[in-house]
Amino acid sequence: MRLFFGGSFDPVHVGHLLVARDVKEDMGFEKVVFLPAFQAPLKEPHGATPEDRLQMLRLSLRGFEDYEISEVEIRRGGVSYTVDTAEELHRTLGERPFFLLGADSFLNLHLWKEPVLLTKLARFLVVDREGMWKKLKVYLAENFPHLKEGKDLFILTVRRIDLSSTEIRERVRRGKSIRWMVPEGVEDYIRDRGLYL
């Protein structure tokens, strides 16, 4: 079974990769498929083009057969709504795809495009790094009582990695090193392309 990990990946960093690896190992997924958004709906325009973000993911995952990249949202263009991707994956796979989400993102699910339809098309693996278990349970009961934990939704506590793409972009802008914050090859790519300056 595949786990789909959507996001801006602007840029991809080691936190993304560690969470993907940990969840894959803990839950027994065969593959993790990264889904870079063309333009995330609840975010400002990205600092790097879709092509640059895609190339940074390729550099990060090169040589790792258990990790793939889907270009479905990049090819579709425009704002990348998860419900549209879920519909396409549901049709292609013949089953409800699993999406990996952080607890903070899941707690905003009611703001997403057609959230009820999305919850019927997809299943969710929510990673809790902040000890938000109780808050997630209340949110589910109030907003999506039809989601059943252990069937439609799984909540997994994972290691806390205090790292964000925002911090990395800011460090680049200030001329600071991002070594060990991004996968091998990504730092050189950012520098060579003059990204985030």
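No gaps in the numbering here: position 65 of the sequence shown is 65 in my numbering, and each next residue is one more. A virtual CB, placed ideally from N, CA and C, is assigned to each residue, including glycine.
Practice prompt. State buried or exposed for G131, treating a residue as buried only when at least 16 other CB atoms are found within 10 Å of its CB.
Written response: Under this definition G131 is an exposed residue.
Worksheet item: Ordered along the chain, which non-local residues of its own chain (more than five positions away) have a Cβ less than 8 Å from that of D10?
Response: The residues are H46, G47, A48, R53, S165, R169.
Worksheet entry | Rounded straight-line distance, which links the Cα of G78 to that of V158 | Separation of V158 and G78 (C-alpha to C-alpha, rounded to the nearest whole angstrom) is 32 Å.
Fill in: Opening and closing residue of the beta strand (DSSP E) in which K31 lies
Residues 31 to 36.
Practice prompt. Determine which residues share a DSSP beta bridge with F154 and list them.
Written response: In the DSSP output, where bridge partners are listed per residue, F154 has L125.
Worksheet entry | Beta-carbon contacts of L18 that lie in its chain and below 8 Å, excluding the five residues immediately before and after | R159, I161.
Worksheet item: From the DSSP output, which residues share a beta bridge with F99?
Response: In the DSSP assignment, F99 forms a beta bridge with F4, F124.
Worksheet item: When burial is assigned at 16 or more other CB atoms within 10 Å of the CB, is M1 buried or exposed?
Response: Classification for M1: exposed.
Worksheet entry | Local Cβ density within 10 Å of P145, reported as buried at 16 or more and exposed below that | Counting the other CB atoms within 10 Å of its CB gives P145 a total below 16, which places it among the exposed residues.
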